[in-house]
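**Student:** My structure is below; once you've seen it, I'll send some questions.
Protein chains: 2
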Amino acid sequence: MTATISAPQIKAIIAASSHADLIALMEEGFINYAAGKVVVPPVGYLPFNNPPGDVHIKYGYIKGDPYYVIKIASGFYNNPAMGLNSSNGMMLLFSQQTGEPLAVMLDEGYLTDIRTAVAGAVAARHLAPAQVDCIGIVGTGLQARLQLTYLQTVTTCRKVLIWGRSMEKAAALASDTTLGGFEITPTSDLTTLVRRSQLIVTTTPSREVLIKAQDVQPGTHITAMGADAEGKRELDPGILAKADRVVADSIAQCVDHGECHYAVKDALLPESKIMALGNVIANPALRRTAASQITVADLTGVAIQDIQITRFVYEQI
Amino acid sequence: MTATISAPQIKAIIAASSHADLIALMEEGFINYAAGKVVVPPVGYLPFNNPPGDVHIKYGYIKGDPYYVIKIASGFYNNPAMGLNSSNGMMLLFSQQTGEPLAVMLDEGYLTDIRTAVAGAVAARHLAPAQVDCIGIVGTGLQARLQLTYLQTVTTCRKVLIWGRSMEKAAALASDTTLGGFEITPTSDLTTLVRRSQLIVTTTPSREVLIKAQDVQPGTHITAMGADAEGKRELDPGILAKADRVVADSIAQCVDHGECHYAVKDALLPESKIMALGNVIANPALRRTAASQITVADLTGVAIQDIQITRFVYEQI
Chain R
1 MTATISAPQI
11 KAIIAASSHA
21 DLIALMEEGF
31 INYAAGKVVV
41 PPVGYLPFNN
51 PPGDVHIKYG
61 YIKGDPYYVI
71 KIASGFYNNP
81 AMGLNSSNGM
91 MLLFSQQTGE
101 PLAVMLDEGY
111 LTDIRTAVAG
121 AVAARHLAPA
131 QVDCIGIVGT
141 GLQARLQLTY
151 LQTVTTCRKV
161 LIWGRSMEKA
171 AALASDTTLG
181 GFEITPTSDL
191 TTLVRRSQLI
201 VTTTPSREVL
211 IKAQDVQPGT
221 HITAMGADAE
231 GKRELDPGIL
241 AKADRVVADS
251 IAQCVDHGEC
261 HYAVKDALLP
271 ESKIMALGNV
281 IANPALRRTA
291 ASQITVADLT
301 GVAIQDIQIT
311 RFVYEQI
Chain W
318 MTATISAPQI
328 KAIIAASSHA
338 DLIALMEEGF
348 INYAAGKVVV
358 PPVGYLPFNN
368 PPGDVHIKYG
378 YIKGDPYYVI
388 KIASGFYNNP
398 AMGLNSSNGM
408 MLLFSQQTGE
418 PLAVMLDEGY
428 LTDIRTAVAG
438 AVAARHLAPA
448 QVDCIGIVGT
458 GLQARLQLTY
468 LQTVTTCRKV
478 LIWGRSMEKA
488 AALASDTTLG
498 GFEITPTSDL
508 TTLVRRSQLI
518 VTTTPSREVL
528 IKAQDVQPGT
538 HITAMGADAE
548 GKRELDPGIL
558 AKADRVVADS
568 IAQCVDHGEC
578 HYAVKDALLP
588 ESKIMALGNV
598 IANPALRRTA
608 ASQITVADLT
618 GVAIQDIQIT
628 RFVYEQI
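These protein sequences, in sequence, are chains R and W. Be aware that the first sequence starts at 1, since it is given in the numbering used here, and climbs by one per residue. Be aware that the second sequence starts at 318, since it is given in the numbering used here, and climbs by one per residue.
Listed below in structure tokens is the structure:
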């Protein structure tokens with residue numbers, strides 16, 4: 001029997017779920033991925049010209065798991081002019097024993113947003129300094145809000161600076177009542193945000209450097225998740241050069257099109273210095289060893305996150 | 318709104334549908350495909366070892382069409398021991414304008430069987446001689462039965478010889494009451510079947526040559542659809558060498574892993590001699606020009622067939 005789960009049902013399940021459970025499941029996923037226990041073939045890609053759009057098909061499984069997962073994620077860029085989201089798609093869960101389809105989750109891209117936010121919390125949990133006096137959020141979109149939602153579980157800091165190209169949007173996020181636990185201050189001064197924050201999360205689709213190396217202070221952790229395709233970037237490669245730890249969700253993928261790409265290409269960062277997030281989770285000795293160190297997590301998004309979030313929702317129904 | 322359509326619903330729609338409509342839609346698909354109007358990226362592949370299985374993800378669209386389609390087709394080879402079909406999967410139909418999912422068809426592989434059978438009828442319609450006194454069916458599985466079902470629309474011949482490795486299965490098919498229009502005789506003598514039939518359809522998973530070149534008489538058309546992966550073959554390559562017309566659903570795919578593969582590799586058939594099925598449909602001048610000619614259709618299965626059968630079902634609901 002194949003369950004069909006609507007977007008409102010999925011949102012209700014996620015809203016009722018323990019953040020700690022989601023974080024633990026995502027950690028387990030990254031550990032399996034770094035240990036080579038996850039089969040993830042190359043992403044399928046279907047481009048459209050008229051109207052412009054593209055579809056990505058990501059799929060894979062953990063060896064020995066009960067499930068395999070296929071994610072279909074589309075972006076159609078004329079949608080907003082019609083009052084629709086650019087993003088759409090679904091998550092499909094199948095039995096790894098028989099191929100039987102177990103669930104069709106019509107999530108419209110929502111679970112990708114959630115698994116991305118949960119990965120941010122995972123990175124902060126294992127890499128941020130113990131003492132965080134200010135969180136800096138770069139970007140004002142949906143992911144900025146979701147990052148804060150899940151960071152609540154992994155840090156006690158409730159003071160937030162938020163920067164975006166639009167002060168209006170930054171102000172709107174600062175007054176978002178769903179983020180009631182935080183004291184959020186919008187700012188137009190990105191340099192000050194970077195200098196004051198010990199935990200910085202970048203969430204923009206920028207194609208230019210936003211954060212300069214000279215502004216990053218000792219004792220800072222940065223999670224960069226905006227760069228998820230060729231040409232996107234948020235960090236000065238000098239930040240990765242001076243960082244004590246550079247951690248990637250997928251080393252190959254981050255070198256291909258994450259923040260690591262530019263740093264490796266410019267010979268500022270030897271690829272051998274990059275550590276897999278799953279290995280850092282599995283082995284606490286790989287984390288920061290001093291409060292004054294600088295750490296960077298480069299997150300481009302990997303199919304193991306889709307596998308884990310999809311099985312999580314399935315196991316709640 | 319995304320429609321979810323169950324296997325029984327899909328089977329009822331197909332059972333109530335005009336064969337002529339299905340054939341016309343498939344012809345239109347092949348014409349578009351041969352004319353370069355179909356975007357079909359490489360097939361996605363996900364292999365499993367324990368238990369053994371694989372998943373193929375085929376996807377694409379006709380430029381300017383309202384839809385795009387993704388097919389997920391799995392084979393898990395220990396399933397029959399558990400009383401389950403090896404095959405499973407689904408067809409997904411999306412808007413090419415917005416990416417919105419329009420339909421999830423939980424067809425369990427059924428629509429692939431149907432589109433394969435309809436393609437056989439298309440090939441026979443355009444390539445078989447006008448006068449067919451006997452149809453020869455090689456193989457006794459589901460596809461053998463479905464081929465006959467759809468051939469009824471494109472030939473007036475009702476006399477059938479059927480051969481399989483198991484005479485028991487051949488006899489069972491001969492007495493299948495759903496094929497009431499045909500007078501079917503099972504035979505253990507494949508040579509006689511080949512010599513007496515003017516329209517032969519091969520439907521087996523054979524990895525060895527079944528039909529010898531010396532047995533194929535002038536005035537014969539053969540549709541070979543068993544070879545759909547590397548290593549599978551049913552025809553002596555000498556048949557393609559002596560044929561007056563060799564037609565492929567996809568020239569590239571048939572040279573890669575269809576019957577054409579061996580004939581081209583052994584330099585018995587120049588690749589330039591192979592014609593695309595869509596071009597033969599579009600241009601009757603490319604068909605046989607004499608009743609005595611020998612023609613071969615090599616069908617490996619292409620995503621345009623999945624696109625067409627899926628949109629057909631969607632437009633009936």
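Backbone N, C-alpha and C define an ideal beta-carbon position, used for all residues, glycine too.
Tell me which same chain residues have a C-beta within less than 6 angstroms of the C-beta of Gly219 (chain R), skipping the five on either side of it?
**Tutor:** Locating residue 219 (chain R) in the first sequence gives position 219, where the first residue counts as 1. Result list for Gly219 (chain R): Pro129, Gln198, Ala291 and Ser292, in chain order.
**Student:** In the DSSP assignment, what residue or residues form a beta bridge with Phe629 (chain W)?
**Tutor:** Your numbering for residue 629 (chain W) matches position 312 in the second sequence. Bridge partners of Phe629 (chain W): none, in fact.
**Student:** Using a cut-off of 8 angstroms between C-beta atoms, extract the partners of Ile57 (chain R) located in chain W.
**Tutor:** Taking the first residue of the first sequence as 1, we reach residue 57 (chain R) at position 57. Within chain W, the residues near Ile57 (chain R) are Gly361, Ile374, Tyr376 and Ile387.
**Student:** Of the choices W:Cys451, W:Thr415 and W:Lys388, whose alpha-carbon is the least far from that of Gly83 (chain R)?
**Tutor:** Here residue 83 (chain R) refers to the residue found at position 83 of the first sequence. The candidate whose alpha carbon is nearest that of Gly83 (chain R) is W:Thr415.
**Student:** If you check the beta carbons only, do Arg125 (chain R) and Ile239 (chain R) fall under 8 angstroms apart?
**Tutor:** Stepping through the first sequence from its first residue, residue 125 (chain R) is reached at position 125. Stepping through the first sequence from its first residue, residue 239 (chain R) is reached at position 239. Contact: no.
**Student:** Using the beta-carbon of each residue, which ones in chain R are nearer than 8 angstroms to Phe393 (chain W)?
**Tutor:** Here residue 393 (chain W) is taken as the residue at index 76 of the second sequence, counted from 1. Those within 8 angstroms of Phe393 (chain W) in chain R are Gln97, Thr98 and Gly99.
**Student:** What residues in the stretch 2-15 of chain R bring their beta carbon closer than 9 angstroms to a beta carbon of chain W?
**Tutor:** Listed by position, the residues of the stretch 2-15 of chain R near chain W (Cβ gap below 9 angstroms) are Thr2, Thr4 and Ser6.
**Student:** Locate the alpha helix (DSSP H) running through Glu183 (chain R), then write down its first and last residues.
**Tutor:** Working through the first sequence from its first residue, we reach residue 183 (chain R) at position 183. Per DSSP, Glu183 (chain R) belongs to no alpha helix (DSSP H); it is in the beta strand (DSSP E), Glu183 to Thr187.
**Student:** With a threshold of 8 angstroms, are at least 3 pairs of Cβ atoms found where one atom belongs to the stretch 1-18 of chain R and the other to the stretch 331-351 of chain W?
**Tutor:** Touching, no.
**Student:** Pick from W:Met407, W:Ser412, W:Gln413 and W:Phe411: whose alpha carbon is nearest that of Phe94 (chain R)?
**Tutor:** Mapped onto the first sequence, residue 94 (chain R) falls at position 94. Checking every option, the nearest Cα to that of Phe94 (chain R) belongs to W:Met407.
**Student:** Check Ile304 (chain R) in the structure and name its three-state DSSP category.
**Tutor:** Here residue 304 (chain R) refers to the residue found at position 304 of the first sequence. If DSSP states are grouped into helix, strand and coil, Ile304 (chain R) belongs with the helices.
**Student:** Specify the secondary structure class of Lys328 (chain W) as computed by DSSP and reduced to three states.
**Tutor:** Along the second sequence, read from residue 1 onward, the residue named residue 328 (chain W) stands at position 11. If DSSP states are grouped into helix, strand and coil, Lys328 (chain W) belongs with the helices.
**Student:** Within the stretch 320-405 of chain W, note down every full alpha helix (DSSP H) run reaching 4 residues or more, in order along the chain.
**Tutor:** If we require 4 residues or more, the alpha helix (DSSP H) runs fully inside the stretch 320-405 of chain W come out as 324-332 and 336-351.
**Student:** What does a CB cutoff of less than 7 angstroms around Val194 (chain R) pick up in its chain, not counting 5 residues either side in sequence?
**Tutor:** Translated into positions along the first sequence, residue 194 (chain R) becomes position 194. For Val194 (chain R), where only same-chain residues beyond five positions count, the Cβ hits under 7 angstroms are Gly136, Ile200, Ile211, Asp215 and Val216.
**Student:** Thinking Ser523 (chain W) and Arg550 (chain W) are a contact (beta carbons under 8 angstroms), I'd like their distance in whole angstroms, please.
**Tutor:** The sequence position of residue 523 (chain W) within the second sequence is 206, counting from 1. The sequence position of residue 550 (chain W) within the second sequence is 233, counting from 1. Between Arg550 (chain W) and Ser523 (chain W) the Cβ distance is about 7 angstroms, and since that is below 8 angstroms, they are a contact.
**Student:** Check whether the Cβ of Asn79 (chain R) lies closer than 8 angstroms to any Cβ atom in chain W.
**Tutor:** Position 79 of the first sequence holds residue 79 (chain R). True, the Cβ-Cβ gap to chain W drops below 8 angstroms.
**Student:** Along the chain, where does the beta strand (DSSP E) that runs through Pro418 (chain W) open and close?
**Tutor:** Counting from 1 along the second sequence, the entry for residue 418 (chain W) is found at position 101. First-last of the beta strand (DSSP E) with Pro418 (chain W): Pro418 to Met422.
**Student:** Mind listing the chain R neighbours of Gly370 (chain W)? Cutoff is C-beta to C-beta under 7 angstroms, in chain order.
**Tutor:** Indexing the second sequence from 1 puts residue 370 (chain W) at position 53. Within 7 angstroms Cβ-Cβ: Gly99.
**Student:** Kindly say whether Gly401 (chain W), judged by its beta-carbon, lies nearer than 8 angstroms to any beta-carbon of chain R.
**Tutor:** Locating residue 401 (chain W) in the second sequence gives position 84, where the first residue counts as 1. It should be noted that the sequence gives Leu, not Gly, for residue 401 (chain W). Yes - at least one Cβ of chain R is within 8 angstroms of the one on Leu401 (chain W).
**Student:** Is the number of C-beta pairs between the stretch 61-77 of chain R and the stretch 414-429 of chain W that are closer than 8 angstroms three or more?
**Tutor:** The stretch 61-77 of chain R vs the stretch 414-429 of chain W: in contact.
**Student:** Taking only beta-carbon atoms, is Phe347 (chain W) less than 8 angstroms away from chain R?
**Tutor:** As a first step, residue 347 (chain W) is located in the second sequence; it is residue number 30 there, counting from the start. For Phe347 (chain W), the answer is no, since every Cβ of chain R falls outside 8 angstroms of its Cβ.
**Student:** So the candidates are R:Glu259, R:Pro270 and R:Phe76; which of them puts its Cα closest to the Cα of Ala297 (chain R)?
**Tutor:** The residue labelled residue 297 (chain R) in the question sits at position 297 within the first sequence. Of R:Glu259, R:Pro270 and R:Phe76, the residue nearest in Cα terms is R:Glu259.
**Student:** Are the CB atoms of Thr502 (chain W) and Ala491 (chain W) nearer to each other than 8 angstroms?
**Tutor:** The count along the second sequence starts at 1 and reaches residue 502 (chain W) at position 185. The count along the second sequence starts at 1 and reaches residue 491 (chain W) at position 174. The answer is yes: Cβ separation under 8 angstroms.
**Student:** Identify every residue that forms a DSSP beta bridge with Lys159 (chain R).
**Tutor:** Walking along the first sequence from the start, residue 159 (chain R) turns up at place 159. Its beta-bridge partners are R:Glu183.
**Student:** What number of angstroms, rounded off, separates the C-alpha of Phe393 (chain W) from the C-alpha of Ala620 (chain W)?
**Tutor:** As a working note, residue 393 (chain W) is residue 76 in the second sequence. As a working note, residue 620 (chain W) is residue 303 in the second sequence. Those two C-alpha atoms are separated by around 21 angstroms.
**Student:** Please report the distance separating the alpha-carbon of Val455 (chain W) from that of Ala227 (chain R).
**Tutor:** Start at 1 with the first residue of the second sequence, and residue 455 (chain W) comes out as number 138. Start at 1 with the first residue of the first sequence, and residue 227 (chain R) comes out as number 227. Using only the alpha carbons, I get a separation of about 55 angstroms.
**Student:** For chain R, find out if any of its Cβ atoms is closer than 8 angstroms to the Cβ of Leu463 (chain W); answer yes or no.
**Tutor:** Position 146 of the second sequence, counting from 1, holds the residue named residue 463 (chain W). For Leu463 (chain W), the answer is no, since every Cβ of chain R falls outside 8 angstroms of its Cβ.
**Student:** Output needed for Ala282 (chain R): all residues of its chain with C-beta closer than 8 angstroms, excluding positions within five of it in sequence on either side, in chain order.
**Tutor:** For the purposes of this step, residue 282 (chain R) is taken as the residue at position 282 of the first sequence. Taken in chain order, the residues that qualify are Ile31, Ala34 and Ala35.
**Student:** Of all Cβ atoms in chain R, is any one closer than 8 angstroms to the Cβ of Leu410 (chain W)?
**Tutor:** Reading the second sequence from its first residue, position 93 is the one you call residue 410 (chain W). It does not; no Cβ of chain R falls within 8 angstroms.
**Student:** Could you spell out where the beta strand (DSSP E) holding Thr192 (chain R) opens and where it closes?
**Tutor:** Against the first sequence, residue 192 (chain R) aligns to sequence position 192. Here Thr192 (chain R) belongs to no beta strand (DSSP E); instead the alpha helix (DSSP H) covers Leu190 to Arg196.
**Student:** Which residue or residues does DSSP assign as beta-bridge partners of Val296 (chain R)?
**Tutor:** Walking along the first sequence from the start, residue 296 (chain R) turns up at place 296. Looking at the DSSP assignment, Val296 (chain R) forms a beta bridge with R:Ile222 and R:Val246.
**Student:** On the DSSP letters alone, give me the boundaries of the alpha helix (DSSP H) that Ile431 (chain W) sits inside.
**Tutor:** By one-based count along the second sequence, residue 431 (chain W) stands at place 114. Looking at the DSSP string, the run of the alpha helix (DSSP H) that includes Ile431 (chain W) is Tyr427 to Leu444.
**Student:** Would Val356 (chain W) and Leu46 (chain R) be called neighbours here (beta carbons separated by less than 8 angstroms)?
**Tutor:** Locating residue 356 (chain W) in the second sequence gives position 39, where the first residue counts as 1. Locating residue 46 (chain R) in the first sequence gives position 46, where the first residue counts as 1. In contact: Val356 (chain W) and Leu46 (chain R) (Cβ atoms closer than 8 angstroms).
**Student:** Beta strand (DSSP E) containing Val449 (chain W): first to last residue?
**Tutor:** Against the second sequence, residue 449 (chain W) aligns to sequence position 132. That residue, Val449 (chain W), is in no beta strand (DSSP E); it is neither H nor E in DSSP.
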